[in-house]
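Residue numbers (the numbering used here): 4 to 385.
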């Protein structure tokens with residue numbers, strides 16, 4: 004049984020890659036840290052993700068979010084090495100790069116826009132004709148028109164990342180409390196003092212909300228409503244198939260699908276984007292749409308044997324941007340949530356930013372665009 008009032012320096016609600024990475028960094032600095040997870044560690048969005056580190060492939064403009072994503076991507080090589088040293092687990096950081104294909108005239112327009120602004124900004128993007136692309140990946144659709152290559156857009160195995168972060172955090176002294184739902188944030192005089200759970204209180208001077216889609220369920224003492232921001236679950240269905248021969252080596256994007264090669268001899272295809280509440284079921288329609296769109300890119304995909312199907316809930320925010328930083332009204336309450344489709348990509352920079360905020364009172368990462376105060380109706384603690 005959980006003790007009635009365990010004492011820690013920091014309590015983190017949520018045991019996905021975001022919560023585990025922050026816990027690891029804080030424990031490395033000597034803090035006593037508890038992670039409170041309603042289920043099993045890393046079994047929600049972190050487990051269901053694709054592991055793509057592709058800010059250039061997905062960016063329409065060089066805004067604050069783009070700069071945050073690029074900064075996090077740049078940290079990944081060192082992050083992967085440090086994590087392997089700490090955990091003994093290889094997160095399969097792969098650097099073959101990403102290809103974004105044009106298959107139609109509409110694709111031409113979007114890719115040309117991306118090429119124009121990124122090339123003008125001096126970013127590492129290359130324009131390849133159809134022949135050049137097929138030399139890299141000979142199994143792609145013969146209707147391929149051209150493609151952009153992003154050499155610096157990489158990938159990791161997100162499931163290995165989750166296991167590695169959990170292990171590294173445990174070895175650093177983090178205490179994990181699983182199958183334990185957080186009920187309320189304990190506050191006194193507008194200061195966070197811990198977390199109330201169904202099995203008692205966990206007292207701490209710092210409370211970090213990293214609970215993904217469930218972040219806005221949490222209330223503060225004296226509050227009759229949830230926080231003004233709402234994290235909304237967005238279901239993404241995915242599947243994996245046996246790797247075709249010759250094997251795919253790059254991450255492949257089109258406007259309708261993506262393919263991710265994995266070292267274990269399989270190919271991941273995704274994904275749907277569905278606002279269906281907390282329903283994580285895999286549907287026939289979802290699988291059929293993924294297969295249809297993947298086959299537009301890779302015709303032999305239809306003949307590949309399915310290995311696994313799954314679905315996860317991405318934590319969307321009202322503006323689809325992460326919610327990062329201190330609560331302006333409740334001292335000691337910090338947010339690290341709402342990462343939507345980019346939790347894996349943003350793990351290193353989020354861990355850095357939030358741990359610095361806790362340890363130093365400020366972060367070297369500019370979080371001004373991602374603060375909770377941007378939601379106008381945020382309520383003060385009572």
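From the three backbone atoms N, C-alpha and C, an ideal C-beta is built for every residue, glycine too.
Coarse secondary structure for residue i, derived from DSSP in three states
| i | result |
| --- | --- |
| residue 212 | strand |
| residue 386 | Within the shown structure, residues of the chain are numbered from 4 to 385, placing residue 386 beyond reach of any answer. |
| residue 334 | strand |
| residue 228 | Low confidence applies to residue 228: its pLDDT is 46, below 50, so where it sits in the model is not reliable enough to give any reading. |
| residue 157 | strand |
| residue 347 | coil |
| residue 373 | helix |
| residue 304 | helix |
| residue 327 | strand |
| residue 198 | strand |
| residue 9 | strand |
| residue 145 | coil |
| residue 286 | coil |
| residue 295 | helix |
| residue 206 | strand |
| residue 151 | strand |
| residue 339 | strand |
| residue 354 | helix |
| residue 223 | strand |
| residue 175 | coil |
| residue 123 | helix |
| residue 384 | Its pLDDT being 37, under 50, residue 384 is placed unreliably in this model, and the value from its coordinates should be taken loosely. Three-state DSSP puts residue 384 in coil, outside helix and strand. |
Beta-carbon gap between residue i and residue j smaller than 7 angstroms
| i | j | result |
| --- | --- | --- |
| residue 356 | residue 366 | yes |
| residue 94 | residue 20 | no |
| residue 150 | residue 128 | no |
| residue 300 | residue 255 | yes |
| residue 315 | residue 239 | yes |
| residue 172 | residue 37 | no |
| residue 100 | residue 141 | no |
| residue 318 | residue 82 | no |
| residue 98 | residue 157 | yes |
| residue 278 | residue 237 | yes |
| residue 386 | residue 165 | This structure cannot settle anything about residue 386, because the visible part of the chain is limited to 4 through 385. |
| residue 373 | residue 310 | no |
| residue 234 | residue 341 | yes |
| residue 198 | residue 185 | yes |
| residue 1 | residue 8 | With the chain represented from 4 up to 385, any question about residue 1 goes unanswered, as that position is not in the structure. |
| residue 224 | residue 251 | no |
| residue 331 | residue 376 | yes |
| residue 339 | residue 244 | no |
| residue 218 | residue 209 | no |
| residue 51 | residue 347 | no |
| residue 313 | residue 196 | no |
| residue 118 | residue 130 | yes |
| residue 39 | residue 16 | yes |
| residue 324 | residue 68 | yes |
| residue 258 | residue 110 | yes |
| residue 90 | residue 354 | no |
| residue 161 | residue 54 | yes |
| residue 264 | residue 303 | no |
| residue 386 | residue 29 | Since the first residue of the chain shown is 4 and the last is 385, residue 386 is not available in this structure. |
| residue 167 | residue 86 | yes |
Limits of the beta strand (DSSP E) - the one that residue i falls within
| i | result |
| --- | --- |
| residue 311 | 309-319 |
| residue 180 | 178-180 |
| residue 191 | 185-191 |
Where the alpha helix (DSSP H) containing residue i begins and where it ends
| i | result |
| --- | --- |
| residue 29 | 20-31 |
| residue 139 | 133-139 |
Any C-beta of chain C under 7 angstroms from that of residue i
| i | result |
| --- | --- |
| residue 251 | Within the model displayed, chain C is absent; a lone protein chain is all it includes. |
Closer than 6 angstroms: residue i CB and nearest the ligand ADP heavy atom
| i | result |
| --- | --- |
| residue 165 | Judged by which ligands are present, the structure shown has none, so any question about the ligand ADP falls away. |
If you scan the region 242-277 from start to end, which runs of the beta strand (DSSP E) of 3 or more residues do you find wholly inside it? Fully enclosed beta strand (DSSP E) runs of 3 or longer: 254-256, 261-265, 269-273.
Hey, which unbroken runs of the alpha helix (DSSP H) at 4 residues or more fall wholly within the region 33-115? Those alpha helix (DSSP H) runs which fall completely within the region 33-115 and span 4+ residues are 48-51, 58-61, 67-90.
Can you find at least 3 beta carbon pairs, one from the region 161-181 and one from the region 22-40, that sit closer than 8 angstroms? Segments in contact, yes.
Given 8 angstroms, three or more beta-carbon pairs between the region 96-107 and the region 142-157: Touching, yes.
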